[in-house]
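Working notes, beginning with the structure itself.
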């Protein structure tokens, strides 16, 4: 029977702790109703997340600490966890255990009981344990440690409701709202004798063997293939190739249809706004609406396909294995596989990748990862690269998706190679110093939760990125239209600026129009090709439903220029959001400026060398 809470002003604090990749963020989301992003890879959460739930007349505030393996304080996550536990006094500490890896996760629980005397253990991932033939005995563990143990599983939301009730009871006992309030539920207390790490590991192994005798064996057969010496990289490249091929093949028709739809809608809007002055109507239609429509038509279809597929790889647990593969090459360059994780994050968003660099404890390694993260193409650059691959490969108005996918895979390999080379250069020059250690847990392969994956991909990624691009595209369209209609003498300012940039652009194999579009797309990389079309057409939009690839061809963007533009898309200054993030992470203007200048210098030099080589080859 549920106990009545006595005071309407009751507020209880709960802290969630656990190893990385034990489903802690999922439990946090279920408890609080928030939508913190969850991922099947280590190092995602680097600072506490906060939420709450309310029950009757009480409020339960929850803090989700970063995932840690121990409390030694050697990494930023461990320092955050230790500082919080020593500074705050939560009413209840909930430790999330992995039912498929009980021995490892119990070691942290035994250490945490030395910091807090009111523990609740959450035996998470019970559904995965059952699929592996495991039956952890939660009652036996609760009896051995004298703490409540609640089993939870992803396919049973009611199990999290049981956890919520047990936590509420533990909080009330500690406050004295229930009988037995002076008897803490935790087995340890802060004046208790501290165990050594070896003692904790031995106790954890003994407990795990008693509670769950048949411990799971890793799925070595799959990992032997995915991480094998001769098979790892071919399989990785093949998966990337399939990802791009499906995206290109699936996005072609919807992009063309959206362009035609927006063109017809523009004609209808032109009639609807016929009462306005011609100049103002042109500003609204050709400037604001035209730019926004072009951004949506170019970006929406590939993102709607790419993000769900990328999330599938993430949920399966393939991204941590990619970081594992990258550990050796990054170590040879003076870094470690943690930078590989940050590089994977940068493929979604460079600003997120820069923030994720907090998981790197060594300051010089962290700075090297921050300064090179923009060398990885973010999601805003993928639609541009896809369309440039189309220009590069188009023959008689057609290009094969498989060939374009192979080119895109090559671009990504080039990006990784330049990132490694740049890391080595920085670590041997301005960021010299020793290298730190790196521990990476390879999570079990998990069945993707398709419904959650689709919602997360659409809401948290596709629509969020598209909304950001549209927010920037609208004022950018107005600016482009204004530059196209403001005249200096007898010539409009827009083509004048493009022609002024021509000499520098030609040296890089570009045109003044393209280089101006690169400069004006600083707020968001997604704007590059729509701005190129608008600048090339003097601030107007194509109203005959023509595809973007054909329009770029008509503006003089041939295969050689498309190749140079693709290289400069890979390697140029980061977007404004990423630059601001670098400043927040480093608090030094010199590193912020270097994060802009370094990738730009790399792009300029590579484009010049590529253009010269193409000229020599005829």
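Residue numbers (my numbering): 42 to 659. C-beta atoms are modelled at their ideal positions from N, C-alpha and C, and glycine is treated no differently.
Local conformation of residue i per DSSP, three classes
i	result
residue 337	helix
residue 159	coil
residue 266	helix
residue 610	helix
residue 142	coil
residue 100	strand
residue 391	helix
residue 402	coil
residue 92	strand
residue 164	strand
residue 540	helix
residue 70	helix
residue 528	strand
residue 282	helix
residue 59	strand
residue 598	coil
residue 137	strand
residue 356	helix
residue 361	helix
residue 423	helix
Rounded Cβ spacing between residue i and residue j (contact assumed at less than 8 Å)
i	j	result
residue 328	residue 519	5 Å
residue 339	residue 514	Wrong, their Cβ atoms sit about 10 Å apart, outside the cutoff.
residue 401	residue 379	5 Å
residue 375	residue 297	Actually they do not touch by this definition, with Cβ atoms about 47 Å apart.
residue 573	residue 614	That pair is no contact at about 17 Å.
residue 448	residue 472	At roughly 33 Å, the Cβ-Cβ gap does not stay under 8 Å, so residue 448 and residue 472 are not in contact.
residue 461	residue 409	Contact flag wrong, Cβ pair sits at about 11 Å.
residue 162	residue 139	About 11 Å separates the two Cβ atoms, so there is no contact after all.
residue 191	residue 175	Not really, about 17 Å apart at Cβ, beyond 8 Å.
residue 136	residue 59	6 Å
Close beta carbons around residue i, own chain, < 6 Å, minus the five adjacent residues each side
i	result
residue 229	Since pLDDT at residue 229 reaches only 39, below the 50 mark, its modelled position is unreliable, and the value read off the structure follows with that caveat. Cβ neighbours of residue 229 beyond the five flanking positions: 154 and 155.
residue 538	557
residue 425	569, 570 and 610
residue 288	343, 346 and 347
residue 132	53, 54, 212 and 215
residue 657	none
Rounded straight-line distance, which links the Cα of residue j to that of residue i
i	j	result
residue 622	residue 394	10 Å
residue 525	residue 263	58 Å
residue 177	residue 636	49 Å
residue 384	residue 321	45 Å
residue 293	residue 428	9 Å
residue 19	residue 324	Limits of the chain in this structure are 42 at one end and 659 at the other, which puts residue 19 out of reach.
residue 334	residue 593	17 Å
residue 397	residue 382	8 Å
residue 121	residue 107	7 Å
residue 595	residue 118	53 Å
residue 202	residue 247	30 Å
residue 352	residue 239	38 Å
residue 601	residue 543	16 Å
residue 452	residue 619	21 Å
residue 96	residue 146	30 Å
residue 550	residue 418	20 Å
residue 591	residue 171	55 Å
residue 173	residue 193	16 Å
residue 164	residue 150	11 Å
residue 266	residue 458	23 Å
residue 533	residue 560	18 Å
residue 245	residue 123	21 Å
residue 354	residue 273	15 Å
residue 391	residue 414	6 Å
residue 372	residue 411	16 Å
residue 388	residue 625	20 Å
Own chain, CB closer than 7 Å to residue i, minus 5 neighbours either side, in chain order
i	result
residue 608	644, 647, 648 and 651
residue 252	143, 177, 178, 181 and 182
residue 73	92, 93, 94 and 103
residue 330	307 and 310
residue 71	198 and 201
residue 242	148
residue 701	Absent from the model: residue 701. The displayed extent of the chain is 42 to 659, so no value can be given.
residue 612	416, 459, 640, 643, 644 and 647
residue 290	442
CB contact below 8 Å: residue i versus chain C
i	result
residue 200	No chain C is part of this structure, which consists of one protein chain only.
Chain-order list of residues whose beta-carbon lies under 8 Å from that of residue i (same chain, five-residue window excluded)
i	result
residue 363	277, 381 and 385
Review point. Okay, do the segment 50 to 63 and the segment 96 to 112 touch, 3+ Cβ pairs below 8 Å being the bar?
Key: yes
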